[in-house]
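The structure appears below as structure tokens.
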Amino acid sequence: MKAVQLVAGWALVGIPLAFGIYQTLTKVAALFG
Amino acid sequence: MSWLDRDRTIAPPGFNRWLIPPAALAVHLCIGQAYATSVYKTALVAHFDASLVQIGVIFSIAIVMLGLSAAVLGTWVDTNGPRKAMFVAALFWSGGFLVGSLGIFTDQLWLVYVGYGFIGGIGLGIGYISPVSTLIKWFPDRPGLATGMAIMGFGGGALIASPVSTALLRFYDPNSGAANWVANGDSVGKLFLTLAVIYFAYMMFGAFTIKVPAAGWVPDGFDPSRVRSQALVTKNHVSAKNAIRTRQFWLVWVVLFCNVTAGIGILEQAAPMIQDFFRQNDGNSLVSATVAGGFVGLLSLANMGGRFIWSATSDKTGRKNIYMVYLGVGTLLYLLLALFGPSTTALYVILAFVIISFYGGGFATAPAYLRDLFGTFQVGAIHGRLLTAWSAAGIAGPLIVNSFLDAQGAPGELTAAAYQPALLTMVGLLIIGFVANLFVRPVHSDYHEPERSLVGATTGEARA
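Residue numbers (our numbering), protein chains in the order written: chain A, 12 to 44; chain B, 6 to 469.
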């Protein structure tokens, strides 16, 4: 149960953060394109 | 409302402390939206038929309120604990969006000032400092890592809010397919309502996940005597009231002010600056608007990553040493940028990337530096007072850069040479910060709290 809580907690903040980083990286790609 | 009290948030035995960083991140990712206001800035200019400056005031009020509320309410946050603080921060932050949306729907710009700027700004201040003290108590072995993770969220919040807000504006505006589309006011109002609901829910996750450690709790295998043996790391405690009477507080204030002012100088002007640095004799820049947008994105990543990486590194190097790097190496990098930045875009991008990572690192390492100097007793409140340096830098940084640039020519016609006076001024500021940091010494025992006033107040549930 504790492990599930931990995974859920990190997923709740990690997934949006990963999405934001991915979206930013697609913009950054223009710098090297 | 006793379920918000500090006493109700004491962690049971066996509680996993790694649940605390996501709780803190949940709050910081939400309030980090403050750095994504450019998404709807043009839309608000069109909706209110206002100038860019008039709309920019919304953000300025919010940042000033962040510093003021963190300074004034810091002690309240330390006394009442993280859950109540996060709950109140959520009420203010979401309430700010609600009042702001009312201002947009009724065409009253002053209501947006009051809503997003004033009310939301208070939410920013309380939210920013709410998890700091608790994180430091859960991670006495790695305070830099812990606060770096949370404060990284403030940088990351804009990365999330920016694409999500754009998508929502497109969803709410039926004309979003038009060429040169600018979102209408109605869609921005609906965006504010949506963000109010989403952010409130997320911050509630943070508020109801966060817990304070029980009295006397220490992590497995942690030996407090090792921490105490390090130079500058005190085993004593200083109250917030006394901390601002010490020379150390004001030296760190100057350090943060100089570091933030220098960073904001680049961040605020990032997109036009890279284009101006590579402007040809014919007036055209080698750097397109799209590439400049990519550069801004890269700096956002540097800002976010620097907060985590440098702050975590400070646990190994010591806080004073890492600020020597931010300010000393930062001075050299700024000098290189001013003198050799226009030679190649690669050099320019690398220098700016590292400089902005130091800017983020300066923010994230500050709470741990305060913990080292003043102990954990009221470190959240002391951190709140320190954030006035951010408010001051938020005014000084853009003022310095814009004043120099205004004197050099019109936007769109500037070249790299026009930036040299501003950049060299930043070099001077970083040197002042470096010297201030050199003078930081342990706090005199006259300012230490007597042991009897600290019973139960520095570990565990109290004052977390």
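The beta-carbon is built from N, C-alpha and C at its ideal position, and this holds for glycine as well.
How close, in whole Å, do the beta carbons of residue i and residue j come, if the pair is a contact with beta carbons under 8 angstroms?
i, j, result
"Tyr207 of chain B", "Cys35 of chain B", "5 angstroms"
"Leu150 of chain B", "Ser43 of chain B", "Actually they are not in contact, since the Cβ atoms of Leu150 of chain B and Ser43 of chain B sit about 31 angstroms apart, beyond 8 angstroms."
"Phe368 of chain B", "Ile156 of chain B", "6 angstroms"
"Val259 of chain B", "Ala51 of chain B", "Actually they are not in contact, since the Cβ atoms of Val259 of chain B and Ala51 of chain B sit about 41 angstroms apart, beyond 8 angstroms."
"Gly310 of chain B", "Ser362 of chain B", "6 angstroms"
"Thr336 of chain B", "Val406 of chain B", "The pair is not a contact, with the Cβ atoms about 17 angstroms apart (cut-off 8 angstroms)."
"Asp281 of chain B", "Leu428 of chain B", "Wrong, their Cβ atoms sit about 12 angstroms apart, outside the cutoff."
"Gly288 of chain B", "Val39 of chain A", "Incorrect: roughly 27 angstroms between the Cβ atoms, too far for contact."
"Gly2 of chain B", "Leu107 of chain B", "The requested residue 2 of chain B does not occur in the structure, where chain B is confined to residues 6 to 469."
"Phe479 of chain B", "Asp112 of chain B", "Nothing about residue 479 of chain B can be reported from this structure: the residues present for chain B run from 6 to 469 only."
Report yes or no: is there a C-beta of chain B within less than 7 angstroms of the C-beta of residue i?
i, result
"Ala29 of chain A", "no"
"Val39 of chain A", "yes"
Here's the rule: buried if 16 or more other CB atoms are within 10 angstroms of the residue's CB, otherwise exposed. What is residue i?
i, result
"Pro87 of chain B", "buried"
"Asp83 of chain B", "buried"
"Val18 of chain A", "exposed"
"Gln383 of chain B", "buried"
"Asp320 of chain B", "buried"
"Lys195 of chain B", "buried"
"Met12 of chain A", "exposed"
"Asp12 of chain B", "exposed"
"Pro447 of chain B", "exposed"
"Lys216 of chain B", "buried"
"Arg376 of chain B", "buried"
"Thr370 of chain B", "buried"
"Gln38 of chain B", "buried"
"Arg390 of chain B", "buried"
"Gly414 of chain B", "exposed"
"Gly19 of chain B", "exposed"
"His449 of chain B", "exposed"
"Asn479 of chain B", "Absent from the model: residue 479 of chain B. The displayed extent of chain B is 6 to 469, so no value can be given."
"Ala467 of chain B", "For Ala467 of chain B, the predicted model reports a pLDDT of 39, less than 50, meaning its position is unreliable and no value from the coordinates is stated."
"Thr464 of chain B", "Unreliable positioning characterises Thr464 of chain B in this predicted model, as indicated by a pLDDT of 49, which lies under 50. The coordinate reading is nonetheless provided below. By the neighbour-count rule (16 or more Cβ atoms within 10 Å), Thr464 of chain B is buried."
"Val296 of chain B", "buried"
"Thr393 of chain B", "buried"
"Phe227 of chain B", "exposed"
List, in chain order, every chain B residue whose beta-carbon is nearer than 8 angstroms to that of residue i.
i, result
"Leu24 of chain A", "In the sequence on display, residue 24 of chain A carries Val and not Leu. Within chain B, the residues near Val24 of chain A are Pro27, Leu30, Ala31, Leu34 and Gly158."
For residue i, which of helix, strand or coil comes out of DSSP?
i, result
"Val223 of chain B", "coil"
"Ile215 of chain B", "coil"
"Ile249 of chain B", "coil"
"Ser408 of chain B", "helix"
"Ser135 of chain B", "coil"
"Arg473 of chain B", "As displayed, chain B neither begins before 6 nor continues past 469, which places residue 473 of chain B out of reach and without an answer."
"Ser515 of chain B", "No answer is possible for residue 515 of chain B: it lies beyond the span of chain B, which begins at 6 and ends at 469."
"Ser290 of chain B", "strand"
"Arg468 of chain B", "For Arg468 of chain B, the predicted model reports a pLDDT of 41, less than 50, meaning its position is unreliable; a value from the coordinates is still stated below. Of the three classes helix, strand and coil, the one that applies to Arg468 of chain B here is coil, per DSSP."
Looking at the ligand SAM, does it come within less than 6 angstroms of residue i, judged from the CB to the closest heavy atom?
i, result
"Phe368 of chain B", "The ligand SAM is not part of this structure, which contains no ligands at all."
Using a Cβ-Cβ distance under 7 angstroms, would residue i count as near chain A?
i, result
"Arg468 of chain B", "Residue placement at Arg468 of chain B is flagged as unreliable, the pLDDT there being 41, under the threshold of 50; the coordinate-derived value follows with that caveat. No, no contact with chain A."
"Pro229 of chain B", "no"
"Asn21 of chain B", "yes"
"Leu200 of chain B", "no"
"Leu24 of chain B", "yes"
"Val296 of chain B", "yes"
"Thr464 of chain B", "Because Thr464 of chain B carries a pLDDT of 49, less than 50, the predicted location of this residue cannot be relied on, and no value is offered for it."
"Phe300 of chain B", "yes"
"Pro372 of chain B", "no"
"Ser56 of chain B", "no"
"Leu306 of chain B", "yes"
"Leu303 of chain B", "yes"
"Pro403 of chain B", "no"
"Pro168 of chain B", "yes"
Starting from the beta carbon of residue i, find every residue of chain A whose beta carbon is closer than 7 angstroms, and list them in chain order.
i, result
"Ile165 of chain B", "Pro27, Leu28, Phe30 and Gly31"
"Gly161 of chain B", "Leu28 and Gly31"
"Phe210 of chain B", "Leu23"
Which residues in chain A sit within 8 angstroms of residue i, going by Cβ to Cβ distance?
i, result
"Val354 of chain B", "Leu42"
"Thr214 of chain B", "Gly20"
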